[in-house]
Each structure stands twice: as C-alpha cells, then as structure tokens.
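Peer 1: Okay, so the sequence shown: first residue is 0 according to numbering that gives the first Met the number 0, each after it adds one. Next up is a structure, given as structure tokens.
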Amino acid sequence: MKVEREQQQSLSKPEGESRPSVTFATSSGIPLERSYSSDGLLALGFDPSRDLGEPGSFPFTRGITPAMYRSKAWVMGMYSGYGSAEEANARYRALLDQGQTGFSIALDLPTQCGYDADHPMATGEVGRVGVHIGSLRDMERLFHDIPLARVRQIRTTANAIGPIVLAMFLAVLEKLGIDPAETRMFLQNDVLKEYIARGTYIFPPRAGLKLSVDVIEYCAKHLPHWTPLAMSGYHIRDSGSTAIQELAFTFANGTAYIDETLSRGLGIDGFVPQLWAFFSAGLDLLEEVAKFRAARRLWARLIRDRYKFENLEALRLPIFAYTLGSNLTAQQPLNNIARVAIETLAAVLGGVQTIATSSYDEALSIPTEEAATVALRTQQIIANETGVTGTVDPLGGAYAVEHLTCEIERRAEEYLERIEALGGAVRCIETGIFQRDLAEAGYQAQLQVERGDRAIVGVNVYRDSDAARVPVFRADPRAELLQIERLHALRSERDNQKVIATLANLVGAAESGENLIPTLVEVVKAYATVGEICDALRRVYGTYRPPQIV
0 MKVEREQQQS
10 LSKPEGESRP
20 SVTFATSSGI
30 PLERSYSSDG
40 LLALGFDPSR
50 DLGEPGSFPF
60 TRGITPAMYR
70 SKAWVMGMYS
80 GYGSAEEANA
90 RYRALLDQGQ
100 TGFSIALDLP
110 TQCGYDADHP
120 MATGEVGRVG
130 VHIGSLRDME
140 RLFHDIPLAR
150 VRQIRTTANA
160 IGPIVLAMFL
170 AVLEKLGIDP
180 AETRMFLQND
190 VLKEYIARGT
200 YIFPPRAGLK
210 LSVDVIEYCA
220 KHLPHWTPLA
230 MSGYHIRDSG
240 STAIQELAFT
250 FANGTAYIDE
260 TLSRGLGIDG
270 FVPQLWAFFS
280 AGLDLLEEVA
290 KFRAARRLWA
300 RLIRDRYKFE
310 NLEALRLPIF
320 AYTLGSNLTA
330 QQPLNNIARV
340 AIETLAAVLG
350 GVQTIATSSY
360 DEALSIPTEE
370 AATVALRTQQ
380 IIANETGVTG
390 TVDPLGGAYA
400 VEHLTCEIER
410 RAEEYLERIE
420 ALGGAVRCIE
430 TGIFQRDLAE
440 AGYQAQLQVE
450 RGDRAIVGVN
460 VYRDSDAARV
470 PVFRADPRAE
480 LLQIERLHAL
490 RSERDNQKVI
500 ATLANLVGAA
510 ESGENLIPTL
520 VEVVKAYATV
530 GEICDALRRV
540 YGTYRPPQIV
C-alpha cells in the first residue's frame, strides 16, 4: 500500500538521532567531551539520591538487587539449536555439561513463520538457523533427558507463534509428569518488534498484539513465575538502530502490551513485575554500560508515572543481554573472540541478569561446538577471573558513565514522547514510521563504515587476506528430508478426526476473541502441526503485508 502523508513523518530530529559529524562521539552519536566532572553533572540536574539510590532500590540505576553478582552470578544461557530435535537436544546437553545454567531454543525460520517442513516456503530452510519444531512430537524429542527442573532458565525465540510454543511447553511438561511450577520458562513473545526489525511476523500487528497478550494474561493467571514477555530491543539494534532507538522502540512496544493487558481487567501488579527486557551488548563499552543503567531507570520512572504504579519495589527491570552479532565479522573471524569478550564485559558492568554470548563464527554459520564452548568460556572467565563481580555497579559514580546514563535516558524519553504523539507503537508500525527511522539509522551506520569514519579491524583497517580460516558448521543436508518424512508419518499415525475437531474449535475461539491458550493446548496435544495451526488462524486474522517505505 502507498504511504500516506502521515506516514512520511519521522521520529528522528536532526540534532537528536542523526549521527553528528564530530571527532569524538559514541556509536549512537552522543558527543564525547575531553573529560567529565562533577560540575558537568550538576549542569544536567543530576541528583545522586534521586537518580542513583542504592543497588536494589528505586530507580534501580545501580542494579535490581542489593548484592547483585556477589550473591548469584548471571544466568549463562547460550542461544543454540539446529537441525532435528535430537541434534539440538545433544547440543543443549553438551553445553549444560560444560557449566551452562540455562539455554535458549533457536528455532528455524519455517517454524517461526508458521510453515510445516513440506511447505514450499520452507524449502532449503528447515533446520538451517535453528531447530525445526513442527509439532508436539518434536518438542518431546527436544526435551528428552534434559533435567528441566534444574535448569535456571529455558528461553525461546517464539514470537508470532508464542502462544503455540507456550501450549507445547505445557503439553510436554504434562507428558513428562513435571509440574510447571518446577520450571522457569522464558517466553520472548514480542511480536511487535518483528514488524520493525526481524520480520518473522504472520498476522497483522493488532492480531499479533492480541495473541502475545493471550500469553501474558494466561501466565499472569496460571504461571506467575514464568516470564511471559521479553521486550526485545536486541533485534532492533542488530538491524542498525542507535542505543537510544533501542530503548525507545522497546519501551514503546512494552507499554502497548501493558495497555492491552490492562484492557482485559488484569491489575498491573499481576504481570508487570514478571516482564523482562532483551537488549544487545555492543562494543562501545561506556555507552553500553550507561545504556543498561539508563534502561532500568527509565523503565521504573515510566511505569510509575504512566500507570500511577505505587509498588516501587516491583519496578525492577531484569535484563537479558546478547552480544551484538552485527558487530562480528566474516573477515578474520578469530578477532570476534575479543569483540565478544568486550561486549560481555559491558553487559556485566551494566548489571544484567542473563547473558548469551555470540560465537566467533557467527558471521559464517551457526556455531561449531568448539566455537560455542569458547563463547561460554568467555562468560566463565569474566565471572571467575576478572574480579568485576565483587563490587555492585563498579562504574557507578564515574563522571563519564553518569553523564552518558543521563543523556541516554533523556534522549530515549524524548523519543518516547514523540512516539506517543504519533499514536503509539502499533500506529507507528502500521504507518511504517519505526521501520523508516530504523532504515535511516542503519544506512547512516553503514555509511560510516564505507567512508572509513568508523574503523572495523580486518574489514576497513588492518586487512589481511592470509588470515587464518576457521572450521564452519555444516548442517546435515538430509535433515530437511528427514523432517518431511517424520511429518508425513505423523499425519498418518495421529487421530486426524481429532485434529480437525480441535482446529475447528480453535477457529471458533479466535473468531469469538477469547484467550486461545487453553484451546491451543488441546490442539497441540492432538498433534496438529505448527503449519496447520497457523493456517487456521490465518483464515481468521489474515496475514501482514508491510507498508512501502520511501
């Protein structure tokens, strides 16, 4: 569709998010002074008692608990999965044996976009960038012999299919005889960012929002210890945004979820404390540390003021950080070990609760087992050998860090106000405003690299055509055929009349506007496939076509 005049508006301001042509600036274009002082902080209106507080107390700038890593290290959970459920299961068990304390299920693109393995759109993509989960049968294989009750955190990338994966989790736990209260499931379930950056959407934005809130509502009522939503800025940053846009877009989406959940009659204290944020950890060390600190403070103040939320202790924002994959290079890939270490250190100094580290071969393929182990060891070395975990918020009080924290918070807050003035997150998605601003930021960032304004070792400086080559993971080319054979076998073995009946019930529930989770549990237990479920919902909600961006 054509972009209307309203859609041509931009959230960016020339003096705000455009990257100024200065000699010294952060990666997001914030000018850097030669040095910082207490006088500079006073000029910003900085008040330590108001803006810092103590660790574990409002506004949580310094961390969400008083002792932070002195009492418990962050969750070390790698993002992994490929091929068949058995192959992914073996990788998870190997990483758990190496000391990993959680894991994130990487799903392939057909699964995330709601296609079965034999769909034409899935050709060549089954099991390529993640594990293929076509039905409850695959989920049963995925969790076989994994001590679920002892894993601190199990995460998944399911977004457009978030309700389906929640239903599968519940069904497989029932089959295993495990009480859901004994597990800690972490559902990303942030479909709004898919329309902005990542692209694994299925239904139009308002239908997608409804389905994500079905998960939030169900968890609030039945699984209050699970994480029903991880507001995701990582993918926005990985697509080229600034740190300021990363926070602003994420929190704008977050308030859209909250508003929709509140419209169903839930009390805010029944679900907001269970929400997480998922942010990138980039290479600009001081800016990244400041970003995490600013995020906690901005979120606490935003929710307190917007919703008149009086339980300040419930405004802690747990953060999951993933080292920024777009900073890693295919050229001289061993350099990425250093990059990932710096990004991980930024996340630790910023006080996050969970970290996933990219592997040095990220720009080439999904990781080899050796590369995944090196990535995990990077976290373990920082946790055990650097001493940075002994002091809470070790960079707190540093003039430069406090200045950047204040500046990032201010700029992100202004951006949020502009989003609100244009109708909020969903409206900005529907009109293409978010997408346009993100495209412009990504273009400017790449332009800096092309012009040589931003140095990338091994790419535009210190190039070496004789750099060491590294092994590249090769997926089993038979994996797709195997998955298709299993799919056909499943369709012949299951009770197809039950599948038809439960899918009809699902369509009826969707048409009536009710929460779909209870119905989806029955559908997946009948071994309906992800593709069949999504096709049924496509008939009700339709599919999304993004606006043309000029």
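Cβ coordinates follow ideal geometry from the N, Cα and C atoms, glycine included.
State the Cα-Cα distance for the pair R450 and R468, rounded to the nearest angstrom.
Peer 2: Looking at the two C-alpha atoms, the distance is approximately 27 Å.
Peer 1: What span of residues does the alpha helix (DSSP H) with T553 cover, start to end?
Peer 2: In the structure as shown, the chain starts at 0 and stops at 549, and residue 553 therefore has no counterpart that could be examined.
Peer 1: Given a cut-off of 9 Å, decide if A346 and E287 are closer than it, judged by their beta-carbon atoms.
Peer 2: Cβ distance < 9 Å, so E287 and A346 count as in contact.
Peer 1: Thinking just about the alpha-carbon of each residue, which of A355, I243, A280 and S491 is nearest to the one in R410?
Peer 2: Here the closest residue by C-alpha is I243.
Peer 1: How would you call N495, buried or exposed, if buried means at least 16 neighbouring beta carbons within 10 angstroms?
Peer 2: Label assigned to N495: exposed.
Peer 1: Classify A329 as helix, strand or coil using the three-state DSSP reduction.
Peer 2: Coil, per DSSP.
Peer 1: Is any heavy atom of the ligand SAM found at a distance shorter than 8 Å from the C-beta of A355?
Peer 2: Questions concerning the ligand SAM fall outside what the structure shown contains, since it holds no ligand whatsoever.
Peer 1: Bridge partners of P546, per DSSP?
Peer 2: The partner list for P546 (beta bridge, DSSP) is empty, contrary to what the question assumes.
Peer 1: How should V21 be labelled, buried or exposed, when 16 other C-beta atoms within 10 angstroms of its C-beta is the threshold for buried?
Peer 2: With a pLDDT of 47 at V21, under the threshold of 50, the predicted position of this residue should be treated as unreliable, though the coordinate-derived value follows. Under this definition V21 is an exposed residue.
Peer 1: Determine the extent of the alpha helix (DSSP H) in which L186 is found, giving its start and end residues.
Peer 2: Unbroken run through L186 is the beta strand (DSSP E), M184 to L186; no alpha helix (DSSP H).
Peer 1: Work out the CA separation of I548 and V2 for me, nearest whole Å.
Peer 2: At V2, the pLDDT of 39 sits below 50, so the modelled position is not reliable; the number obtained from the coordinates is stated separately. Whole-angstrom Cα-Cα distance: 7 Å.
Peer 1: Taking buried to mean at least 16 other C-beta atoms within 10 Å of its own C-beta, is L536 buried or exposed?
Peer 2: Its Cβ being crowded by 16 or more others within 10 Å, L536 is buried.
Peer 1: Looking at the unbroken beta strand (DSSP E) that takes in A280, where does it start and where does it end?
Peer 2: Here the beta strand (DSSP E) through A280 covers W275 to A280.
Peer 1: Report buried or exposed for V471, applying the criterion of at least 16 other Cβ atoms within 10 angstroms of its Cβ.
Peer 2: Looking at its Cβ environment, which holds fewer than 16 other Cβ atoms inside 10 Å, V471 is exposed.
Peer 1: If distances are taken between C-alpha atoms only, which option among G395, F168, Q378 and R263 comes closest to P54?
Peer 2: Considering only alpha carbons, the answer is G395.
Peer 1: So L135 and V171 are in contact, right, with Cβ under 8 Å, and what is the actual spacing, rounded?
Peer 2: That pair is a contact at about 7 Å.
Peer 1: Who pairs with A355 in a beta bridge, going by DSSP?
Peer 2: Paired residues: Y321.
Peer 1: Go through its chain and collect everything with a Cβ distance to A374's Cβ below 6 Å, but skip five positions before and after it.
Peer 2: Correct list, in chain order: T356 and S358.
Peer 1: Starting from Y306, follow the alpha helix (DSSP H) in both directions and report where the run begins and ends.
Peer 2: Per DSSP, Y306 belongs to the alpha helix (DSSP H) from L284 to Y306.
Peer 1: Excluding the 5 residues flanking P203 on each side, which residues of the same chain have their C-beta closer than 7 Å to its C-beta?
Peer 2: These residues qualify, in order along the chain: Y540, G541 and Y543.
Peer 1: Note down, one range per segment and in chain order, each beta strand (DSSP E) of at least 3 residues found wholly within the segment 127–204.
Peer 2: Here the runs fully enclosed are 152–155 and 184–186.
Peer 1: Which residue or residues does DSSP assign as beta-bridge partners of S231?
Peer 2: DSSP, once it has assigned bridges, lists F277 as partnering S231.
Peer 1: Buried or exposed: T122, going by 16 or more other Cβ atoms within 10 Å of its Cβ?
Peer 2: Exposed, by the Cβ-count rule.
Peer 1: Return the bridge partner residues of V74 from the DSSP annotation.
Peer 2: BP columns for V74 point to T353.
Peer 1: Give the DSSP bridge partners of P30, in chain order.
Peer 2: Paired residues: A24.
Peer 1: Indicate the three-state DSSP secondary structure (helix, strand or coil) for I243 in the structure shown.
Peer 2: In this structure, I243 counts as helix in the three-state DSSP scheme.
Peer 1: Using three-state DSSP, classify S103 as helix, strand or coil.
Peer 2: Looking at S103 - three-state DSSP - the assignment turns out to be strand.
Peer 1: Ends of the alpha helix (DSSP H) at N383?
Peer 2: From DSSP, the alpha helix (DSSP H) with N383 extends over E368 to E384.
Peer 1: Is it buried or exposed for A42, if we count other Cβ within 10 angstroms and need 16 for buried?
Peer 2: Its Cβ having fewer than 16 others within 10 Å, A42 is exposed.
Peer 1: Around the C-beta of P119, are 16 or more other C-beta atoms found within 10 angstroms, so that it is buried, or is it exposed?
Peer 2: Exposed.
Peer 1: Taking contact to mean at least 3 C-beta pairs separated by less than 8 Å, is the segment 426–436 in contact with the segment 86–106?
Peer 2: The answer is no - the segment 86–106 does not touch the segment 426–436, with fewer than three Cβ pairs under 8 Å.
Peer 1: Can you name the start and end residues of the alpha helix (DSSP H) that T390 belongs to?
Peer 2: Run containing T390: none; DSSP gives neither H nor E here.
Peer 1: Within 10 angstroms of the Cβ of E384, are there 16 or more other Cβ atoms? Answer buried if so, exposed if not.
Peer 2: Looking at its Cβ environment, which holds fewer than 16 other Cβ atoms inside 10 Å, E384 is exposed.
Peer 1: Could you spell out the range, first to last residue, of the alpha helix (DSSP H) harbouring D46?
Peer 2: From DSSP, D46 is part of no alpha helix (DSSP H); its letter is neither H nor E.
Peer 1: Pick from I365, L297, I381 and R61: whose alpha carbon is nearest that of A337?
Peer 2: Checked all of I365, L297, I381 and R61; the closest Cα to A337 is I381.
Peer 1: Which same chain residues end up closer than 6 Å to I29 when comparing Cβ atoms and leaving out the 5 residues on each side of it in sequence?
Peer 2: Once the five neighbours on either side are set aside, the close Cβ partners of I29 are E406.
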